[in-house]
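Below: the structure, in structure tokens.
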Amino acid sequence: MTSLTPRVTTMARTDQSSHDHLTSRWHWRLASAEHRVRTWGGLVKSRGGVEQDRQAPGTPRHFRRVRIGAVALCILLAVPAAVSRAESPDTTATNLIAAVDSEDLGAAVAAVAEIDLRDQQSLRTLAAVVRIARRCEQEQRRDDAAEIYHTASAICERLVGEQADELAVEKADVIWNAAASSLTANGRHADALRWATLAAESADQASTSSRTGDTLLAIAAGALDSDDKLTAGKAYRLAVEMFSNHASRQAGPDIATARLGYAWTLVMAANDSGSPEHIQKSLDAVQKFLDHHPDHSDAPSALLLKISCQTRLDDEEGVEKTRAALLNKHPRSSATCEVVKTACGSDGELSEQLRTYLIEQHDYVLMSPLVAGDLSILQAGLMAAASAGAPDAEVAYATALSLIDEHGKVATETLHQLHTDGHDAAAQRIAMGWLTARDESQRSPDSLSARMQTKSGKLVTGGVREAACRWAGRTGQWSMLAMAAEEEPGLYERQNTEAAKQETVARGRTLHVKRLFAEALLQNGKTARSLKLWEHIVDDDGADDFATLLRLAETATEVGDIPQAKTRIAAARAAAMQSDRDGDGAGSVAMTDLLSASLEIRELRFDRGRALLEQIVRSGRAESDLRGRAQWMIGETFFMQENFHEAITAYRQVEGIGDCDQWTAAALVQAGKSFEQLGRTREATICYSALVSRFGDSPHANGARRRLAAMTTDGTSSPGTLRR
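So for the sequence shown, numbering that gives the first Met the number 0 puts the first residue at 0; every next one is plus one.
Spelled out as structure tokens, the structure:
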């Protein structure tokens, strides 16, 4: 065997003062975490002077790995103090043994520190140093033990090179492994790797290889904890070599750990360097692990590492194949969830394979803590299930989304996207489920959706329910919204008990949801119920914003009694005037004046009603649409009084007000009817034709078409067809 040069830094002693200085500074002590260390049986002096290996009864000869805390120590190699070159190796050994036998461990440690590794050393010296190291371990002096093992290993290295016939390599391996174990337990992983590497290079027996492999795994784990990827990678690579030399460990869990650890350190190093060559090398290491251990419990994680490497190499085809392998072979793994999470969080469209996975494995996805609360995954799963017509997955994803989307943004986007993609039926199903706050436990107590609702303690968030209500209103689904309002339990009840409040929260019945319910009832002609709900919103829930007060006043003006309507109008006017004083209520007072005018007309006080309407028309603060409506209502008052000439005059003035097309269209159809009442069918035809040509999409256009069809070719109207 080639002679190995000692690698411990030495310094010659020059005088007594330098000796004292070096003795006090022979190593630096740093605070360390508590570690558990198993050590080798010590070498003891035999009668013939040759050191022999001895173990305590029952102690296994192979090294057992220990878990080492993540402590990053930066320790210089010890600088042993020099002693006189005239002193013989046996004298050094005798002094060391005497120090140990005196039970003065401090003196023994100091004696080791005075060894000059440049001098000739003996096996007796080595045995004494190892004995002192073991005593330090027993006394919990771990830093001293590590440093003394470090010195013992250096002596051992030299003796193996110079006295190989007296110190067998397998004995040296024991010392090197013990030193490596002690050093790595104290955070000195690079120093530990040095001696473990020597043990690995000289291992010529399977048992030695196995023992050294265990030591290397411990070093690698400690180095990783200290973020020393270089040391960890070297240790893992050597561990693979060691386990490969031992027949019983060539396919065991330890060699798998070493292969995966080596691959992982290469991937991390490649991420730091960004070099395509390094990335390819790390990819090869990952693939080697997968080739040797395809069914290992960490195979999904390895596939995830492989995808990372392929992505950095821009290998899109490889990424797709690896992802397919992960989804097919390990569908219920955290690594697969990570892949799904990344894919759903990107801007690109999901592959068909991922969409299928979200549908078929929806129960696992929704119960996985890694992805269950990810809104992007829930949205993707719901879109996939709704588009494919997978009812179980659709209900499950819709339920999950409705329980965590507090603001309703994702719910809004999902309904809009389904509508845009032409899946209106699916959008309506989902929206209806959210609108009605369906309790899945009543329909299917053992279902996943029921369990999720029970666990969350609610049926839907207020944000999601509002999103469904807004979507129904925007798409004209007022009947669906009104149906939900009709079926809503406790809608008109006061929230004066804790149970009622809890139910309101659980059902996501916010104030805005109630407003939309009231509006839906109004839009569907259920005005009396709408009025009741508006009153509940204002009187019981305390809504005092102008928009709500105005809507209540409008409904009361239409179907409420006169005193009630006046009270509601007065409340709305007060809020409008306050807004006007605050500078953000321009035109609000005019809106309440319009309601007052309507109430006057309802009481058949047409002159007073027209006076209020004329004020609105002349108002510079009212919007043109409101002014156009007021002018149209003036025409309506004359029409109701059968003063058709004045009605026509009033209707003609609507168009001149400005941007109020809907009221211009209404005025044209009413002017046409007024002309018909006067027998002037030619002028009526002109009005109807203008309406159809200019405002063909107006809701009044069909009425105009019917009037044109009802008029005969001789210029007269068919009897009984003219209605207001």
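Glycine residues also receive a C-beta, built at the ideal position from the N, C-alpha and C atoms.
A quick note: this is a predicted structure, and the numbers were derived from the prediction, not measured.
Is it true that the CB of residue j sits closer than 8 angstroms to the CB of residue i?
i    : j    : result
A552 : A571 : yes
Y148 : L182 : yes
G344 : S386 : no
L381 : Y396 : yes
F242 : D224 : no
A107 : I131 : yes
A670 : C659 : no
L216 : A257 : yes
L122 : L158 : yes
N730 : R141 : The requested residue 730 is not part of the displayed model; the chain covers only 0 to 723.
F288 : A301 : yes
I633 : E613 : yes
A505 : K457 : yes
Q652 : Q676 : no
R134 : V173 : no
V128 : T150 : yes
P299 : T335 : yes
H188 : T230 : yes
E602 : I561 : yes
I615 : R604 : no
L312 : Q352 : no
E682 : F694 : no
F545 : A574 : yes
K228 : T264 : yes
S201 : H245 : no
Can you give me the C-alpha to C-alpha distance between residue i and residue j, rounded to a whole angstrom?
i    : j    : result
L480 : D226 : 59 angstroms
E622 : L434 : 35 angstroms
A153 : D346 : 59 angstroms
D373 : K340 : 8 angstroms
W27  : D213 : In this predicted model, W27 has a pLDDT of only 25, less than 50, meaning its place in the structure is not dependable; the value taken from the coordinates is given anyway. Answer to the nearest angstrom: the Cα atoms are 28 angstroms apart.
A709 : K672 : 12 angstroms
T460 : R469 : 14 angstroms
A569 : R550 : 13 angstroms
G657 : S688 : 21 angstroms
R620 : G586 : 5 angstroms
S440 : V370 : 24 angstroms
G678 : V668 : 15 angstroms
R514 : T547 : 8 angstroms
S529 : G489 : 15 angstroms
T680 : A646 : 16 angstroms
I278 : Q162 : 45 angstroms
R37  : A179 : With a pLDDT of only 27 at R37, under the threshold of 50, the placement of this residue in the model should not be trusted; the figure read from the coordinates follows. So the alpha carbons of these two residues sit roughly 11 angstroms apart.
D404 : G462 : 7 angstroms
T503 : T398 : 18 angstroms
Q494 : S455 : 22 angstroms
A348 : R508 : Checking the sequence, you will find Glu at residue 348 rather than Ala. Going from the Cα of E348 to the Cα of R508 covers about 34 angstroms.
Q563 : E557 : 11 angstroms
E276 : V111 : 47 angstroms
A517 : K565 : 20 angstroms
V43  : A126 : Residue placement at V43 cannot be trusted, given a pLDDT of 25 that sits under 50; what the coordinates show is reported in the next sentence. The straight-line gap from Cα to Cα measures roughly 6 angstroms.
A449 : S443 : 7 angstroms
A425 : L532 : 30 angstroms
When burial is assigned at 16 or more other CB atoms within 10 Å of the CB, is residue i buried or exposed?
i    : result
Q427 : buried
R473 : exposed
R706 : buried
A703 : buried
E156 : buried
A30  : The pLDDT assigned to A30 is 26, lower than 50, so where the model puts this residue is not dependable, and the model offers no usable value.
T591 : buried
T453 : exposed
V338 : buried
Y650 : buried
Q476 : buried
E146 : buried
* **Ranges of the alpha helix (DSSP H) found wholly within the region 368-419, counting only runs of at least 4** => Listed in chain order, they are 374-387, 390-403 and 408-419.
* Indicate whether the contact test is met: 3 or more Cβ pairs, each with one atom in the region 414-424 and one in the region 351-367, closer than 8 angstroms. => Taking 8 angstroms as the limit for Cβ pairs, the verdict is that the region 351-367 does not touch the region 414-424.
* Can you list the alpha helix (DSSP H) stretches of 4 or more residues lying completely in the region 300-365, in chain order? -> Assignment of alpha helix (DSSP H) within the region 300-365, counting only whole runs of 4 or more residues, yields 315-328, 333-344 and 351-359 in chain order.
* Any beta strand (DSSP E) of 3 or more consecutive residues that is wholly inside the region 221-259 -> Listed in chain order, there is nothing to give.
* **alpha helix (DSSP H) segments (min. 4 residues) lying fully within the region 591-638** => The region 591-638 contains these whole alpha helix (DSSP H) runs: 605-617.
* To do: Please specify which runs of the alpha helix (DSSP H), each continuous and at least 4 residues long, are wholly inside the region 527-587, giving them in chain order.
  => For the region 527-587, whole alpha helix (DSSP H) runs of length 4 or above, ordered along the chain, are 545-558 and 561-581.
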